[in-house]
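Below, the structure is given as structure tokens:
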């Protein structure tokens, strides 16, 4: 006797609550993604909502405006997983609030980056779409985010992010040379994956990245003290911009359309 194959919807509908501890009907239509548990904690404290998923791979919370936040962990594999699982609820928009390393001397710690694209150096996204498909955000979503950055009196930079699976590379000069040749503005481990898997799942997606280190210089490599200062100084602003952008999309009833050939 052969077992009937489960559909993707059946699997993701079962796994999203299993990974996050939050029932499907508790998720909002607008999703913030993060790598950091303190973003979820701060979100829950700000809006007085419960945090689900203690002891599970991911933690999540939803406020009364229908905005949910999920800490999915670090790395492209986790990014692909959460974007697959979110297909169970078909969110109207997903925004990644991540940190990145700045690859230009002009990208100081605390700068915001709205990526116009990402280079798929992580390999994970190759399991979803052809390697020549560009990793792009939903630009209409980025327009809402850019407005909120400007409303708060901050600047942001645009450019291409290099996404890779290699975390410890700062000591490797040959890797530095490779990055220089690609002329990217920043480096991280998730953005390209989120863009591609969102594209594959027909989910509108974007990213607002916070520069947390400038690893192209010896004194710019992120150590614990620098990372903690960046978190203390900027994480609440980073989170606030994300919440405001998603709330604005929801209140205006804007549809961030997804197009595929």
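Residue numbers (our numbering): 1060 to 1320. The C-beta atom is built at its ideal place from N, Cα and C for all residues, glycine as well. Quick caveat, the model's predicted, so the values are computed rather than measured.
Quick one: give me the first and last residue of the beta strand (DSSP E) that residue i is part of.
i            : result
residue 1187 : From DSSP, residue 1187 is part of no beta strand (DSSP E); its letter is neither H nor E.
residue 1242 : Where residue 1242 is concerned, there is no enclosing beta strand (DSSP E), given that its DSSP letter is neither H nor E.
residue 1222 : 1215-1223
residue 1130 : 1126-1130
residue 1154 : 1152-1161
residue 1171 : 1171-1180
Could you check the C-alpha separation between residue i and residue j for me, to the nearest Å?
i            : j            : result
residue 1060 : residue 1094 : In this prediction, residue 1060 has a pLDDT of 38, which is less than 50 and means its spatial position is unreliable; what the coordinates show is noted afterwards. Looking at the two C-alpha atoms, the distance is approximately 43 angstroms.
residue 1320 : residue 1069 : Low per-residue confidence applies at residue 1320: pLDDT is 48, beneath 50, and the placement is therefore not dependable enough to give any value.
residue 1033 : residue 1264 : Residue 1033 lies beyond the range of the chain shown here (1060 to 1320); nothing can be said about it.
residue 1092 : residue 1128 : 6 angstroms
residue 1297 : residue 1267 : 8 angstroms
residue 1137 : residue 1311 : 31 angstroms
residue 1327 : residue 1218 : As displayed, the chain neither begins before 1060 nor continues past 1320, which places residue 1327 out of reach and without an answer.
residue 1222 : residue 1160 : 11 angstroms
residue 1012 : residue 1149 : The structure shown does not extend to residue 1012, since the chain is modelled only from 1060 to 1320, so the question has no answer here.
residue 1187 : residue 1147 : 17 angstroms
residue 1226 : residue 1123 : 37 angstroms
When the Cα of residue i is compared with those of the options, which residue comes out closest?
i            : options                   : result
residue 1072 : 1311, 1254, 1219 and 1140 : 1140
residue 1284 : 1239, 1147 and 1271       : 1271
residue 1097 : 1149, 1074, 1156 and 1084 : 1156
residue 1200 : 1231, 1089 and 1235       : 1089
residue 1304 : 1269, 1161, 1202 and 1117 : 1202
residue 1243 : 1220, 1146, 1184 and 1152 : 1220
residue 1111 : 1193, 1229, 1259 and 1086 : 1086
residue 1299 : 1067, 1126, 1259 and 1082 : 1126
For residue i, count the other beta carbons within 10 Å of its own beta carbon; 16 or more makes it buried, fewer makes it exposed. Which is it?
i            : result
residue 1164 : exposed
residue 1121 : buried
residue 1241 : exposed
residue 1231 : exposed
Provide the residue span of the alpha helix (DSSP H) that contains residue i, from first to last.
i            : result
residue 1310 : 1283-1311
residue 1072 : 1067-1079
residue 1202 : 1198-1210
residue 1135 : 1135-1144
residue 1099 : 1096-1106
residue 1256 : 1250-1259
Margin query: Contact between the segment 1177-1184 and the segment 1283-1297 is defined here as three or more beta-carbon pairs at a separation below 8 angstroms; is this criterion met?
Written below: no
Notebook entry, point to check: Is there contact between the segment 1164-1171 and the segment 1206-1220, where contact requires at least three CB pairs shorter than 8 angstroms?
Noted result: As far as the Cβ criterion goes, the segment 1164-1171 touches the segment 1206-1220, which means the pair count is three or higher.
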